[in-house]
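Novice: Questions regarding the structure given below will be posed in turn.
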Amino acid sequence: MEKRFDTTLLEEMLSASMRPLLIGHFNPDGDSVGSLAGMYHYLRERGMTPSAVLPSPYPDYLAFLIGEDTPVTIHSHEDNSARELISSADLLICFDFNRLSRTEQLEEDILASKVPKVLIDHHPFPEVEYFDLVYSEIEVSSSCELLFWVLMSMSDVEGDVSSLGLKCAESLYVGMMTDTNNFYNSVSASTFEMASLLTDAGVDKTRLQECVYNNYSVDRMRLMGHLLKDCLYVIEDCGVAYLLLSDADKRLYNFAIGDSEGFVNLPLSIKGIRISALFSELDKGQDKYIRVSLRSKGDLDVNRFASLYCNGGGHLNAAGGRLYMPFEKVGPYIEKSFREFLKIG
């Protein structure tokens, strides 16, 4: 198998490291957790003892990737353990974010660290100036796909998928599967090749799909029904549909982290809809904002929309951001913004 990446420097960094630290982004999704867990298991298979940090909790449906043998420190305002791990690490490896601001309160600690830093990510315009080594490809489906091909290029792997170990392989598959919306978005021949190699090596794709997609609560199902019935808004002449998820509705349906995963894709199944959005209110202590998720079809660039109107960014067909305004003003603001962006009305 052809070696896709030069891993000489990465291997030198890992060989010199005694305390490597793996870092994911705020509001971690399957790709963030999958890449972090995948690298963790790869290093453990080779006798290393990495640590892992996330700026906020991960969804319950990904808990099976983070078992007792994969300790992850979650940052909180009351606990400095994550910051202490950053300050004591001798190598930082970051996954699935292009800007350090995606690590929220940990950004300053990462910037203050003088140790070598590695970035493995598939988002456009990465902040390469803050890293000593960057693997960045926006054409791949996910950071997990990118990490897979990086690991396949390592001298101790040399294209042998079985040498990754099953836990590493499963983690990478889950990240790729979730970031492509189960092979719907951003899929290439390389993605299918990765999936084929992983399943041939023993990954049980049916079990992983069951763990991720068929493991939700009754409350989550009822919340989805409520949103589709009462909180779905369609701007027909723009080909746009959006959902509004209030903090009150979250409380009513016992919302758990990750319960809204996939909701943003639902309006895209409506005939004529080419852009969908989910606006989720967050009102917890110091954290008060509206989380924005955007999806699109074809060449409609929601990355650009997110950067212009939602303090965010991402990919051509999948992006996110934040709004800082009263929740009741989101609807009028977003409809005006979409009309301006699409030059309609």
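Residue numbering for the sequence shown follows the numbering used here, starting at 518 and increasing by one per position.
No residue lacks a Cβ here, since even glycine has one placed at the ideal position from N, Cα and C.
All of these numbers come straight from a predicted model, not from anything done at the bench.
1) Please classify residue 771: is it buried, with 16 or more other beta-carbons within 10 angstroms of its beta-carbon, or exposed?
2) Report yes or no: do three or more beta-carbon pairs, one from the region 644-653 and one from the region 586-596, lie closer than 8 Å?
3) Look at the Cβ atom of residue 732, then the Cβ atom of residue 578, and state whether they are nearer than 8 Å.
4) Extract the residue ranges of the alpha helix (DSSP H) inside the region 748-779, only unbroken runs of 4 or more that lie entirely within it.
5) Please state whether DSSP places residue 810 in a helix, a strand or coil.
6) Helix, strand or coil: how does DSSP classify residue 701 here?
7) Between residue 534 and residue 608, what straight-line distance do the alpha-carbon atoms span, to the nearest angstrom?
8) Which runs of the beta strand (DSSP E), 3 residues or longer, sit entirely within the region 627-655?
9) Could you give the distance in angstroms between the alpha-carbon of residue 840 and the alpha-carbon of residue 718?
10) Going straight from the alpha carbon of residue 834 to that of residue 821, what length do you get?
11) Give me the Cα-Cα distance between residue 862 and residue 754, rounded to the nearest whole angstrom.
12) With 16 other CB atoms within 10 Å as the buried threshold, where does residue 812 fall?
13) Just verifying my parser: in three-state terms, what is the DSSP assignment at residue 564?
14) Write down every uninterrupted run of the beta strand (DSSP E) in the region 527-584 whose length is 3 residues or greater and which is fully enclosed by it, in chain order.
15) Going by C-alpha to C-alpha distance, which of 671, 542, 633 sits closest to residue 523?
16) Which word fits residue 661, buried or exposed, when buried means at least 16 other C-beta atoms lie within 10 angstroms of its C-beta?
17) At the level of alpha carbons, what is the spacing between residue 796 and residue 564?
18) Just checking, does the region 742-761 make contact with the region 770-787 on the three C-beta pairs under 8 Å criterion?
Specialist: Reading it off the structure:
1) Here residue 771 corresponds to residue number 254 of the sequence shown, with the count starting at 1. Its Cβ having fewer than 16 others within 10 Å, residue 771 is exposed.
2) Contact fails: fewer than three Cβ-Cβ distances are below 8 Å.
3) Translated into the one-based positions of the sequence shown, residue 732 becomes position 215. Translated into the one-based positions of the sequence shown, residue 578 becomes position 61. Closer than 8 Å, so yes.
4) Considered as a whole, the region 748-779 harbours 764-769 as its complete alpha helix (DSSP H) runs of no fewer than 4 residues, in chain order.
5) Walking along the sequence shown from the start, residue 810 turns up at place 293. Strand at residue 810.
6) Taking the sequence shown and counting its residues from 1, the one referred to as residue 701 is at position 184. Correct three-state label for residue 701: coil.
7) The residue labelled residue 534 in the question sits at position 17 within the sequence shown. The residue labelled residue 608 in the question sits at position 91 within the sequence shown. Computed Cα separation, rounded: 6 Å.
8) Here the runs fully enclosed are 634-638, 650-653.
9) As a working mapping, residue 840 is identified with position 323 in the sequence shown. As a working mapping, residue 718 is identified with position 201 in the sequence shown. Approximately 44 Å, taken between the alpha carbons.
10) Here residue 834 refers to the residue found at position 317 of the sequence shown. Here residue 821 refers to the residue found at position 304 of the sequence shown. Their Cα atoms are separated by approximately 10 Å.
11) Against the sequence shown, residue 862 aligns to sequence position 345. Against the sequence shown, residue 754 aligns to sequence position 237. Because residue 862 sits at a pLDDT of 49, beneath the cut-off of 50, its placement in the model cannot be relied upon, and the following sentence gives the value as read from the coordinates. About 9 Å.
12) Here residue 812 refers to the residue found at position 295 of the sequence shown. Buried.
13) Here the question's residue 564 lines up with position 47 in the sequence shown. Coil.
14) Runs of the beta strand (DSSP E) lying entirely within the region 527-584, each at least 3 residues long, are 537-540, 568-571 in chain order.
15) Residue 523 sits at position 6 when you count from the first residue of the sequence shown. The shortest C-alpha separation from residue 523 is found at 671.
16) The sequence position of residue 661 within the sequence shown is 144, counting from 1. Its Cβ being crowded by 16 or more others within 10 Å, residue 661 is buried.
17) Taking the sequence shown and counting its residues from 1, one reaches residue 796 at position 279. Taking the sequence shown and counting its residues from 1, one reaches residue 564 at position 47. Their backbone Cα atoms lie some 44 Å apart in a straight line.
18) A contact exists between the region 742-761 and the region 770-787.
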